[in-house]
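Going by our numbering, the sequence shown opens with residue 190, and the numbers climb by one from there. Every residue gets a Cβ at the ideal spot worked out from N, C-alpha and C, and that includes glycine.
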Amino acid sequence: MVGFAGHQGKEYLPVVGELAEVVGGVDSAPAAPALADSWGFPHFSRLGEALKRVDFDVAVVTVPHSAHFPVCRELLLHGKHIVKEKPFAVSEPEARKIAELAEESDRGVFTLLQRNFNPVFAFAEQNFRRIGEPYWFSYDYHLNLAQPTSGWRASREQALGGVLLDMGYHLIDVLGGMFPEPTRLHAAFMHHYREMRDRRLEDLVSVMCSYATPSLAGSLRISRHNHEKTERLSILGTEGALSVTPEAGTLFSPGGTAVDSRERAVSKSAVVRTMFAHYLARLEDRAYRAAHLSRQLSTVRTIDGIYRSHLTEPGALADRCA
Numbered sequence: 190m191v192g193f194a195g196h197q198g199k200e201y202l203p204v205v206g207e208l209a210e211v212v213g214g215v216d217s218a219p220a221a222p223a224l225a226d227s228w229g230f231p232h233f234s235r236l237g238e239a240l241k242r243v244d245f246d247v248a249v250v251t252v253p254h255s256a257h258f259p260v261c262r263e264l265l266l267h268g269k270h271i272v273k274e275k276p277f278a279v280s281e282p283e284a285r286k287i288a289e290l291a292e293e294s295d296r297g298v299f300t301l302l303q304r305n306f307n308p309v310f311a312f313a314e315q316n317f318r319r320i321g322e323p324y325w326f327s328y329d330y331h332l333n334l335a336q337p338t339s340g341w342r343a344s345r346e347q348a349l350g351g352v353l354l355d356m357g358y359h360l361i362d363v364l365g366g367m368f369p370e371p372t373r374l375h376a377a378f379m380h381h382y383r384e385m386r387d388r389r390l391e392d393l394v395s396v397m398c399s400y401a402t403p404s405l406a407g408s409l410r411i412s413r414h415n416h417e418k419t420e421r422l423s424i425l426g427t428e429g430a431l432s433v434t435p436e437a438g439t440l441f442s443p444g445g446t447a448v449d450s451r452e453r454a455v456s457k458s459a460v461v462r463t464m465f466a467h468y469l470a471r472l473e474d475r476a477y478r479a480a481h482l483s484r485q486l487s488t489v490r491t492i493d494g495i496y497r498s499h500l501t502e503p504g505a506l507a508d509r510c511a
């Protein structure tokens, strides 16, 4: 476990401990040694130390965005499989390098994206063709944080992006399972707090997506200071529509009558367990690994394209990825 003492790491630790043997943990946080002791595995402050002293097959990585690439690079150079928190990478060049290292080392790199294992989103993909030819989608995802972002997400050097890279990664991955990559992107970036503007960490992003076929377009709106927490994907087609939230998915006729639906009906922890079990069972499946890498490369490429469409001042994009 690399980064086990943070919020996400502590959420995943019981699940990983149930499905596999945790033989060590890497984290520099002050609380990490005591947490490792309570779980009964050795603690290391640095990844290099763990690689020298512990024999393991796969690393679960939950670290700030800026650490993703160096951590993954070191693990792959040592021949380790990786199951990691999103994003797969913070830029397209880094994503391509991780993919190259994964192929060279014959190892898997899997990105933890819970919506892919939520029965509601599976329902949407299974019924996607029932709406005919899709021509429009809108995907809204908003949090209702009452205070400025805190922790490493408030640091330009560690976050390397705002809500688009953090929250938006989930949405763009979902869309990537249904639609081709957009060919044109136009984005507006807004800031609720002055300090976030100064650090170029967007609090809100609105994106218009256009595709090679002129009969398809869509929009995304993502923010963290909305009046309520909400998430909804709506897809309009020539023969019906889909409405998807994390709790329920509904298929509608052209006239607006609900003709089929699915509720989540499982806990979030059950979704997380299914996700980890799925990836751990496919560490040696080369075909699955290649398909997963391809989708993550597409997701990163789209996010990079959105940032590029917005950042026009010289050196701004390089600064984001520095």
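Compare the C-alpha of residue i against each of the options and name the closest.
i	options	result
residue 209	374, 470, 497 and 475	470
residue 206	349, 465, 439 and 377	465
residue 495	409, 437 and 445	409
residue 437	419, 204 and 201	419
residue 380	310, 266, 322 and 352	352
residue 297	484, 263 and 474	474
residue 424	299, 326 and 269	326
residue 389	347, 369 and 368	347
residue 286	263, 307, 302 and 275	263
residue 313	472, 429, 461 and 468	429
residue 376	442, 324, 491 and 226	491
residue 293	270, 303 and 417	270
residue 339	484, 282, 371 and 413	413
residue 257	367, 355, 199 and 230	355
residue 341	196, 489 and 488	196
residue 301	482, 497, 369 and 499	482
residue 318	440, 463, 260 and 308	440
residue 515	299, 222, 374 and 378	It is not possible to answer for residue 515, since the shown part of the chain is limited to 190 through 511.
residue 191	255, 214 and 499	214
residue 395	374, 404, 383 and 405	374
residue 266	282, 279 and 288	288
residue 216	203, 198 and 228	198
residue 329	364, 337 and 484	364
residue 417	281, 368, 331 and 349	331
residue 181	224, 254, 295 and 243	What the structure shows of the chain is the stretch from 190 to 511, and residue 181 is not part of that stretch, so it cannot be assessed.
Which two residues bound the contiguous beta strand (DSSP E) that contains residue i?
i	result
residue 416	414-426
residue 397	393-399
residue 430	429-433
Which residue marks the beginning of the alpha helix (DSSP H) containing residue i, and which one marks its end?
i	result
residue 357	357-365
residue 347	345-348
Taking only three categories from DSSP, how would you classify residue i?
i	result
residue 502	With a pLDDT of 41 at residue 502, under the threshold of 50, the modelled position of that residue is not reliable, and no figure is offered here.
residue 439	strand
residue 453	coil
residue 409	strand
residue 374	strand
residue 379	strand
residue 447	strand
residue 491	helix
residue 190	coil
Taking 8 Å as the CB-CB limit, is residue i close to chain C?
i	result
residue 268	The chain labelled as chain C is not found in the depicted structure, where only one protein chain is given.
* Could you tell me which uninterrupted alpha helix (DSSP H) segments, each at least 4 residues in length, are contained entirely in the stretch 257-331, listed from first to last along the chain? => 281-294 and 308-315
* Go through the stretch 192-253 residue by residue and report every complete run of the beta strand (DSSP E) that reaches 3 residues or more, in order. => 247-250
* **Stretch pair the stretch 443-462 + the stretch 238-252: three plus CB contacts closer than 8 Å** => no
* Touching or not, the stretch 225-243 and the stretch 453-462, by the rule of three or more beta carbon pairs under 8 Å? -> no
* To do: Could you tell me whether the stretch 396-410 touches the stretch 359-375, using the rule of 3 or more Cβ pairs below 8 Å?
  => yes
* Decide if the stretch 389-402 is in contact with the stretch 267-278; the criterion is three or more beta carbon pairs, one per stretch, under 8 Å apart. => no
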